[in-house]
Amino acid sequence: MKQANANGKSILVPGTLLVVDDETGIRKLLRHKLSREGYRCKEAATAEKALEVLATNSIDLVILDIKMPDKSGTELLPEIKMGYPDTAVVMATVISKVSVATQCLKQGADDYICKPFDLDEVTLSIQRALEKRSLQLKIKEYQQYLEDKVEEQTLEIRKLFLGAIEALASALEAKDRYTGGHSRRVTEIALALGTELGLSAKDMEDLRWGSLLHDVGKIAVDPRIQNKPDSLTSEEYEQLMTHTHVGADIVRPVVNESITEIIEHHHDHYDGYGVHQVVAGTDIPLGARILAVADAYDALTSDRPYRTAMSREEALDEIKRCMRTQFDPVIVNVFLGMMSGKSKERARPYRARNAVTTKLNVD
698 MKQANANGKS
708 ILVPGTLLVV
718 DDETGIRKLL
728 RHKLSREGYR
738 CKEAATAEKA
748 LEVLATNSID
758 LVILDIKMPD
768 KSGTELLPEI
778 KMGYPDTAVV
788 MATVISKVSV
798 ATQCLKQGAD
808 DYICKPFDLD
818 EVTLSIQRAL
828 EKRSLQLKIK
838 EYQQYLEDKV
848 EEQTLEIRKL
858 FLGAIEALAS
868 ALEAKDRYTG
878 GHSRRVTEIA
888 LALGTELGLS
898 AKDMEDLRWG
908 SLLHDVGKIA
918 VDPRIQNKPD
928 SLTSEEYEQL
938 MTHTHVGADI
948 VRPVVNESIT
958 EIIEHHHDHY
968 DGYGVHQVVA
978 GTDIPLGARI
988 LAVADAYDAL
998 TSDRPYRTAM
1008 SREEALDEIK
1018 RCMRTQFDPV
1028 IVNVFLGMMS
1038 GKSKERARPY
1048 RARNAVTTKL
1058 NVD
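Take 698 as the starting number for the sequence shown in this note's numbering and just add one per residue.
Encoded structure:
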């Protein structure tokens, strides 16, 4: 963990980790490696012992084996997240159980590591999970701070805090030469689309923040998956897509529901066949449908580890090809007109209907 010293400089403050595994050799291996990295380590061979350690110690992160004899890690995970919500959890699994670990991510785990362990990858996973935990704790501190302040101060504080989250998102992008500046470019495109569609000032502000923060959840995604030079496996793609839910969870305490929904649904497909999708068509929030087109265009026209950038014309053809399946056809047509310089005068705002959300049975 990092904090500022008396001179305002960042210093490393080791966190306290709990290694939960029924195999003594694995616990000793991890403890030896992580102690050398500066972490304080505790051990537990069973779920019951793990809960005892958590009850009597301040634990920053738990490394939790999925397969244990008395109670599995998947059964223990909800108890830890319920009783100790500020504690990060990294699941440990054999390679054949990656799908189980991915499911654990949806239930609140922060990351997973595979057996046999690559100890350097274990260290990176723990660093990522603790960075995410640090951000979540700052958000909680912000919530507490708001409760102690008068209402007229809230707006300015909120802007400052959202700015901090935006800075984090920009910093994450800056580490990757493929995504630097992506969120700002996407925001410019999305706002231009919002203007063409006649969105209200409030909806434009929600769209702006949703676009700026849409990828903040990638803090919890393995960089090896994000930067893989060839096609992702179905499990890797599923893990990558968890960034929409993680990002929504990160910002939920400090933004309105509209912004949260934009982030959570920006990879939903118009036809309803996105990953674990539960809404379709115009039941997908309008801001998310706008962001989907803007996000796709910038991604298509930027270099990626697995391909070079498409030309402007190729990207527009691809978006046109995917209208009615991946993208809202109304938004695509407005986007194509805007990009061709033939956007017409706005007659009336385009709004999502206020129907009850349609639930789909998506495998």
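Every residue, glycine too, gets a C-beta built ideally from N, C-alpha and C.
Does the structure place the region 904-914 close enough to the region 940-958 that three or more beta carbon pairs sit under 8 Å?
yes
Please state the DSSP three-state secondary structure of residue 809.
strand
Return the CA-CA distance between residue 862 and residue 781, expressed in angstroms with no decimal places.
24 Å
Could you check where the alpha helix (DSSP H) with residue 884 kicks off and where it finishes?
879-893
What does DSSP give as the partner residue(s) for residue 716 in the beta ladder?
740, 760
Element boundaries [alpha helix (DSSP H), containing residue 1027]:
1026-1037
Can you give the beta carbon distance from residue 886 to residue 995, rounded, assuming they're within the 8 Å contact cut?
7 Å
C-alpha gap between residue 839 and residue 818, whole angstroms
32 Å
Which same chain residues, not among the five before or five after residue 715, have their C-beta less than 8 Å away from its C-beta?
738, 739, 740, 741, 747, 750, 751, 754, 756, 758, 759, 760
Can you check whether the CB of residue 888 is closer than 8 Å to the CB of residue 904?
yes
Would residue 984 be called buried (16 or more neighbouring beta carbons within 10 Å of its own) or exposed?
buried
Spatial neighbours of residue 972 in its chain, beta-carbon cut-off 8 Å, leaving aside the 5 residues before and after
934, 935, 938, 964
Use the C-beta contact count for residue 962: other C-beta atoms within 10 angstroms, 16 or more gives buried, fewer gives exposed.
buried
Residue 880: which of 1016, 896, 924, 908 sits nearest, CA to CA?
908
Inter-residue spacing [alpha-carbon to alpha-carbon] between residue 988 and residue 951
20 Å
Could you tell me how far apart the beta carbons of residue 993 and residue 1016 are, in whole angstroms, since I believe they sit closer than 8 Å?
6 Å
Do residue 790 and residue 768 have their CB atoms nearer than 8 Å?
no
Considering only the beta carbon of each residue, do residue 763 and residue 788 sit closer than 8 Å?
yes
Coarse secondary structure for residue 1021, derived from DSSP in three states
coil
Separation of residue 833 from residue 841, as counted between CA atoms:
13 Å
Those residues which DSSP pairs with residue 789 across a bridge
762, 810
In angstroms with no decimal places, state the Cα-to-Cα distance between residue 785 and residue 857.
26 Å
Whose CA, out of 927, 1038, 1025, 960, lies closest to the CA of residue 1003?
927
Residue 1004 - partner residues in DSSP beta bridges
1001
For residue 950, which of helix, strand or coil comes out of DSSP?
helix
Where residue 981 falls: helix, strand or coil (DSSP)
coil
Take the Cβ of residue 837 as the centre, count every other Cβ of all protein chains shown within 10 Å, and call the residue buried at 16 or more, exposed below.
exposed
Extent of the continuous alpha helix (DSSP H) run through residue 775
770-780
Sequence-distant residues of its chain with Cβ nearer than 7 Å to residue 808 (five each side left out):
787, 822, 825, 826, 917
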